[in-house]
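Basically the working numbering = 1-based index in the sequence shown + 1402.
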Amino acid sequence: MSGGGRKPLYGWLTSEAISLTGTRISMIALPWLVLTTTGSATKTGLVALAEMLPLVLLKVLGGPVIDRLGARRISISCDVASLFVVGAIPLLYALDLLPFSLFLAFVAMAGALRGPGDAAKQALVPALAAQADVPLERATGLHSTVERTAGMLGAAFAGGLVAVIGPANALVVDATSFGLSALVLAWATTAVVAPALETPPSVEEVAPSNRLETPEVTQGGDHSPYLIQLREGWDYLRSDRVLFGIAVMVALTNLLDMAWASVQVPVWAKDSGGGAGAIGLLFAVFAGASAIGAMCAATWAARLPRYRTYLLAFLICGAPRFVVMALGSPLWAVLSVAVASGFASGFINPVLGAVIYERIPEHLMGRVTSLTTAMCFALMPFGGLLGGLLIAGFGLSTSLVVCGAAYFVVTMFPALDPRWRELDGRPGTPTPGRVPEHAA
C-alpha cells in the first residue's frame, strides 16, 4: 500500500505521543500542586484516587458507546472536552476560585473523559493497521515505542516544566496537548472514513476492521439496549479464556509494578543513599531500554513465536528487577538488570496487543477492548498501598522478594496451561493445540 495509506497510522501515533506527554505533565503537576498548596499527603493521595476510579469505571461503561458512535468520534470528542476541563483548573486557580472539593471534581471529570478516550484510541488499532497494510504486531509495537519514549522523555520534560513555570501553569500546557492531539487525529484519519472505504473487506482479506466511524457494521447490534450491549461485551470477554486470562494477568502485574515503582523504588533509593537522582536514572534507563525493545518488536514480532516470546520476555522483565534490589546490589548492577528488563518488556505489549485485537469480533471491538483495559487498570490504585503495607510489615527486602515471587507465578502460569499456546494463532493459520471448529 502507498505511503498515503499509512498517514492515519502515523498520525494516530503522533497524536498519542502528544497525548502521552501531556499525561506525564499531569502526573507530576496535579499532585505537586496539591502538595505545595496544602502540605497534605492525604489530600495528594485523594487526587490519584479521584482520577483513577472514574477512569476505570468509564472504561467499562464506555464500550457500547464507542461501538455505537465510532471510536474516532469518541476519541476526538473526549480530547476536546479534556481541553476545557483541564484548562479550567489553572484558570480557576489563578482567580482564587478553586476550593479543594471543586479541584477534585475537575480531576474526576478529567479521569472520566480519559477512560473512554483512551479506550477509543485503542479500539482504532485494527482499523489503522488494516488501512496501513501492516501486521498488528508492528502497529502495536510502534505504539509501544511511542509510549515508552514518552515515558522517558515526557517525564523529564514534565519535571523541568513544573520546576520552571509551576504546576498550575504546566496544566495549561497539558490542556493544550489535548487540543493538539485531537486536531492531529482528526486531520490524519479523515481519509479512513471517506466513501471509498465504506465497504469493509472480506474476512479472507483482513480480519480486523478497517473502518473507524461507521457503526452500521455491527450487524444490527448497535440498536439493542445499552445494558444488553454491555453484557454482550462482558459475556464475550468472559467466554474467551485467553482474553480473560490476559486481562487478569496484566491486572495483577500492574498491581505489582505500581508497588515497585511508587513505593519500593523510592524506599530503595532512600535506603541506598542514591536519592531522587537514582530514582530518575533507574526509570529513565528502564524506559529507554523498553523503547528500544518495542522498536525491535515492531520490526520482528510478526515473525516471532508469540507464546515463547511472551514467556521469555516476562521471565526477564519480571522477577529479576525485584530480586537484584532485594539483594542490596550496587547501583550499576540494578541498572544493568533494568536494561535487560526494560528491553524485554518492550516485546510484551506488541505481542499481547495483537492477540487481543485478533480475537475480538469487529462489532464488539469497542466494548471488549474497553472492558479488557479497564480490568488491566482496576488494581493499579492499590499498588502503592500494597507496597507500603509490605514494607511496613516485613521490611524492604522481604517485600521485594514477595512481589518478585508473585510476579513470577502470575506470569509463568501460562506455561502450565495448554490453552495459552493459542497465542501463536494468527488469522488464516492453524493454532497449536487448538481443535479446528469444523472438526467432528
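C-beta atoms are modelled at their ideal positions from N, C-alpha and C, and glycine is treated no differently.
Starting from residue i, trace the alpha helix (DSSP H) in both directions and tell me its first and last residue.
i: Ser1583; result: Pro1569 to Ala1590
i: Val1665; result: Unbroken run through Val1665: none, as it is neither H nor E.
i: Asp1520; result: Phe1502 to Ala1525
i: Trp1734; result: Leu1733 to Ser1747
i: Gly1647; result: Arg1643 to Ala1661
i: Pro1722; result: Ala1721 to Ala1728
i: Arg1761; result: Ile1750 to Arg1761
i: Ala1817; result: Run containing Ala1817: none; DSSP gives neither H nor E here.
i: Ala1858; result: Since the first residue shown for the chain is 1403 and the last is 1842, residue 1858 is missing from the structure and cannot be characterised.
Going by DSSP in three states, residue i sits in which element: helix, strand or coil?
i: Leu1497; result: coil
i: Ser1626; result: coil
i: Gly1789; result: helix
i: Pro1537; result: coil
i: Pro1410; result: helix
i: Ala1699; result: helix
i: Pro1456; result: helix
i: Leu1706; result: coil
i: Gly1441; result: coil
i: Glu1615; result: A caution first: Glu1615 carries a pLDDT of 42, below 50, which makes its placement in the model unreliable, though a value can still be read off. Three-state result, Glu1615: coil.
i: Gly1562; result: helix
i: Gly1424; result: helix
i: Gly1675; result: coil
i: Gly1472; result: coil
i: Gly1827; result: coil
i: Gly1464; result: helix
i: Gly1797; result: coil
With C-beta atoms as the reference, is residue i less than 8 Å away from residue j?
i: Thr1578; j: Arg1474; result: no
i: Val1548; j: Leu1422; result: yes
i: Ser1692; j: Arg1550; result: yes
i: Val1644; j: Arg1769; result: no
i: Gly1789; j: Val1652; result: no
i: Gly1424; j: Leu1587; result: no
i: Ala1699; j: Pro1752; result: yes
i: Asp1826; j: Tyr1709; result: yes
i: Met1660; j: Gly1489; result: no
i: Gly1690; j: Met1554; result: yes
i: Ile1793; j: Val1667; result: no
i: Gly1647; j: Gly1465; result: no
i: Ala1740; j: Leu1798; result: no
i: Val1564; j: Ile1430; result: yes
i: Gln1631; j: Asp1469; result: yes
i: Ala1680; j: Ala1686; result: no
i: Ile1758; j: Ala1742; result: no
i: Leu1781; j: Leu1654; result: yes
i: Ile1476; j: Val1467; result: yes
i: Gln1533; j: Leu1411; result: yes
i: Arg1426; j: Gly1556; result: yes
i: Phe1779; j: Asn1656; result: yes
Suppose the cutoff is 7 Å on Cβ atoms and the five residues either side in sequence are ignored; what does the same chain contact list for residue i look like?
i: Leu1451; result: Pro1783
i: Gly1695; result: Gly1744, Phe1745, Ala1746, Ser1747, Gly1748 and Phe1749
i: Gly1720; result: Tyr1809, Phe1810 and Thr1813
i: Leu1435; result: Pro1569 and Ala1570
i: Ala1419; result: Val1548 and Ala1552
i: Ala1817; result: Leu1713
i: Pro1838; result: For Pro1838, the predicted model reports a pLDDT of 31, less than 50, meaning its position is unreliable; a value from the coordinates is still stated below. Result list for Pro1838: empty, nothing under 7 Å.
i: Val1605; result: With a pLDDT of only 34 at Val1605, under the threshold of 50, the placement of this residue in the model should not be trusted; the figure read from the coordinates follows. Around Val1605: no qualifying Cβ.
i: Pro1707; result: Asp1826
Should residue i be listed as close to the ligand SAM, given that the test is whether its C-beta is under 7 Å from any heavy atom?
i: Ala1794; result: Although the ligand SAM was asked about, the structure shown includes no ligands whatsoever.
Kindly list the residues whose CB is nearer than 6 Å to the CB of residue i, restricted to its own chain and excluding five residues on each side of it in sequence; keep chain order.
i: Leu1432; result: Val1449
i: Thr1416; result: Val1586
i: Glu1539; result: Ala1703, Ala1704, Pro1752 and Ala1756
i: Ile1762; result: Val1770
i: Met1867; result: No answer is possible for residue 1867: the residues shown for the chain start at 1403 and end at 1842.
i: Ser1428; result: Asp1576
i: Gly1795; result: none
i: Arg1408; result: Ala1534
i: Lys1445; result: Val1436
Any beta carbon of chain C sitting closer than 8 Å to that of residue i?
i: Leu1471; result: No chain C is part of this structure, which consists of one protein chain only.
Among the residues of its own chain, which have a CB less than 8 Å from the CB of residue i, if the five just before and after it don't count?
i: Ala1514; result: Pro1456, Leu1457, Leu1459 and Leu1460
i: Arg1640; result: Phe1646
Validate contact between the segment 1788-1808 and the segment 1732-1749 using beta carbons, cut 8 Å, 3 pairs: Taking a contact to require three or more Cβ pairs closer than 8 Å, the segment 1788-1808 and the segment 1732-1749 do not qualify as touching.
Next item on the list: Would you check if there are 3 or more beta carbon pairs closer than 8 Å linking the segment 1580-1588 to the segment 1484-1498?
Entry: With the rule of 3 Cβ pairs closer than 8 Å, the segment 1580-1588 counts as touching the segment 1484-1498.
| query | Using 8 Å as the Cβ pair cut-off and three pairs as the minimum, do the segment 1523-1531 and the segment 1498-1508 touch? | reply | No: fewer than three Cβ pairs fall under 8 Å.
How do the segment 1557-1576 and the segment 1711-1730 stand: do at least 3 beta-carbon pairs fall below 8 Å, yes or no?
The segment 1557-1576 is not in contact with the segment 1711-1730.
Assess, as a yes-or-no matter, whether the segment 1458-1476 is touched by the segment 1772-1779 under the definition of 3 or more beta carbon pairs within less than 8 Å. Between the segment 1772-1779 and the segment 1458-1476, the count of Cβ pairs shorter than 8 Å is three or higher; the stretches touch.
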